[in-house]
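Everything below concerns the one structure shown next.
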Ligand SMILES: [Zn+2]
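Numbering (the working numbering), first residue to last: 12 to 436.
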């Protein structure tokens, strides 16, 4: 596979991107060199910006295949009767959209060469488990910090990642406890090859446990600790796991000064590590708790991390089939500029019974910008907090518990994408 591509990147005009010439010594960090003969994993610095572009070129050159997709994906099987059901393949008409009435549940079954992303219903937090072909695994955030939501994150990791497996990459988007719940348990239970995190210190027990576990994993297992407090780690850096590419789109220990004044909460969230997973012309964007607007701004206002990503999208693509929405669907993310640049077909809100997430105003921006209602998922389905919470699917008076609304994303070997609420096996 050749990656000799031309990419004109003017880093001088790209605030926040590292200046040219930075290359990580992948050998010293325990990564294999990127070469056609060595496809198990890749990490590199700015040269990978070119490789991101390479992936995009590949995307373009193969785009005709997407249009010739067969109309039924055998990786998707109808299973037991259930409640809500929604599943779609992009651009084809096999969608079974049953919304409002609740009849057929669709369960996505992963073939060995498919990518499965499970957005775990951890309550008001985020926990994503990614299973890739060739026994590669990624964790993006480690769940809520207490109760059933915390346990369900760990249970889901153990369900999808075999005991003796190695986790290739753990990304901890930022340092808030609703994203770190079982980070320490995962690091204790598995060999984790590398952890990418902000290193933004907090005084919470959850953060301290995660920090201690990362250091221990580094000492005992040689885990590569990519702490953005110490690494100048350029957005665009890409890992490769077989045919899966995972690119860091954004991520800063502290938000760059040029993003302007941010309040305390915005500052903690805006540096969130955002990654884009790409496989067979399909992509999923994991947006952490990134920030794109001040609450109360007009809908077309675009600031901070989301503006950064939009401004740099020609260098580091963010257009994606599936978006795990910023900040649980809070109104200080999902700015119109970002939604339009990502142009997702599917949107998932990882929310619970707290903070009135997802917010109606944020959900409405997706609808206004072309996302179909039946392609919007929430891990607090049925929840009723009233106030500014999005009312779609609300059951009056219901306090939605964790663990009952996992959402599965399947990227098939054939290049199809499907999203569905998970049904019990
Ligand atoms: Zn959060």
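All residues carry an ideal CB built from backbone N, CA and C; glycine is no exception.
Candidates the options: closest to residue i by CA position
i: residue 210; options: 191, 204, 197; result: 191
i: residue 304; options: 292, 280, 326; result: 280
i: residue 214; options: 387, 239, 186; result: 186
i: residue 376; options: 389, 394, 349, 362; result: 349
i: residue 156; options: 196, 178, 124; result: 196
i: residue 269; options: 257, 294, 282; result: 282
i: residue 294; options: 257, 229, 171, 308; result: 257
i: residue 219; options: 386, 434, 202, 194; result: 194
i: residue 428; options: 307, 344, 319, 288; result: 288
i: residue 292; options: 124, 129, 275, 255; result: 255
i: residue 234; options: 307, 144, 198; result: 198
i: residue 327; options: 306, 374, 278, 248; result: 248
i: residue 356; options: 165, 319, 430, 390; result: 430
i: residue 228; options: 201, 208, 382, 432; result: 201
i: residue 221; options: 276, 170, 154, 252; result: 154
i: residue 309; options: 301, 344, 276; result: 344
i: residue 188; options: 425, 276, 382, 170; result: 276
i: residue 390; options: 382, 335, 380, 424; result: 335
i: residue 424; options: 253, 381, 382, 262; result: 253
i: residue 319; options: 144, 262, 306; result: 262
i: residue 212; options: 123, 230, 183; result: 183
Integer-rounded CB distance, given that residue j should sit under 8 Å from residue i
i: residue 246; j: residue 260; result: 6 Å
i: residue 352; j: residue 321; result: 5 Å
i: residue 296; j: residue 285; result: 7 Å
i: residue 299; j: residue 266; result: The pair is not a contact, with the Cβ atoms about 13 Å apart (cut-off 8 Å).
i: residue 204; j: residue 236; result: About 11 Å; that fails the 8 Å criterion.
i: residue 140; j: residue 167; result: 6 Å
i: residue 264; j: residue 135; result: That pair is no contact at about 25 Å.
Per DSSP, cross-strand counterpart(s) of residue i
i: residue 294; result: 289
i: residue 301; result: DSSP, once it has assigned bridges, lists no residue as partnering residue 301.
i: residue 182; result: 151, 207
i: residue 250; result: 257
i: residue 432; result: 418
i: residue 389; result: 360
i: residue 400; result: 370
i: residue 313; result: Residue 313 pairs with nothing; no bridge assigned.
i: residue 129; result: 140, 419
i: residue 350; result: Paired residues: none, contrary to the question.
i: residue 236; result: 206
i: residue 335; result: 297, 359
i: residue 177; result: 202
Same chain only: Cβ atoms within 6 Å of residue i, ignoring 5 sequence neighbours per side
i: residue 6; result: Not covered by the structure: residue 6. The range shown for the chain is 12 to 436.
i: residue 414; result: 132, 159, 163
i: residue 410; result: 364
i: residue 137; result: 152, 190, 361
i: residue 346; result: 303, 304, 313, 317
i: residue 388; result: 359, 418
i: residue 401; result: 369, 371, 374
i: residue 433; result: 417, 419
i: residue 354; result: 330
i: residue 477; result: What the structure shows of the chain is the stretch from 12 to 436, and residue 477 is not part of that stretch, so it cannot be assessed.
i: residue 144; result: 124, 253
i: residue 306; result: 342, 343
i: residue 165; result: 193, 196
Exposed unless 16 or more other CB atoms sit within 10 angstroms - verdict on residue i
i: residue 216; result: exposed
i: residue 422; result: buried
i: residue 314; result: buried
i: residue 311; result: exposed
i: residue 290; result: buried
i: residue 271; result: exposed
i: residue 250; result: buried
i: residue 406; result: exposed
i: residue 129; result: buried
i: residue 125; result: buried
i: residue 240; result: exposed
i: residue 301; result: buried
i: residue 426; result: buried
i: residue 79; result: Confidence at residue 79 is low in this model, with a pLDDT of 25, below 50, so the placement of that residue is unreliable and no value is reported for it.
i: residue 170; result: exposed
i: residue 150; result: buried
Beta-carbon proximity list for residue i, same chain, < 7 Å, skipping 5 on both sides
i: residue 146; result: 176
i: residue 408; result: 395
i: residue 148; result: 141, 142, 172, 176, 178, 179
i: residue 238; result: 208, 210
i: residue 412; result: 159
i: residue 380; result: 347, 350, 351
Own chain, CB closer than 8 Å to residue i, minus 5 neighbours either side, in chain order
i: residue 399; result: 342, 367, 370, 371, 372
i: residue 324; result: 330, 352
i: residue 121; result: 86, 127, 142, 421
Near ligand 2: residue i beta-carbon under 7 Å from a heavy atom
i: residue 137; result: Absence of ligand 2 is noted for the structure shown, with ligand 1 being the only ligands found.
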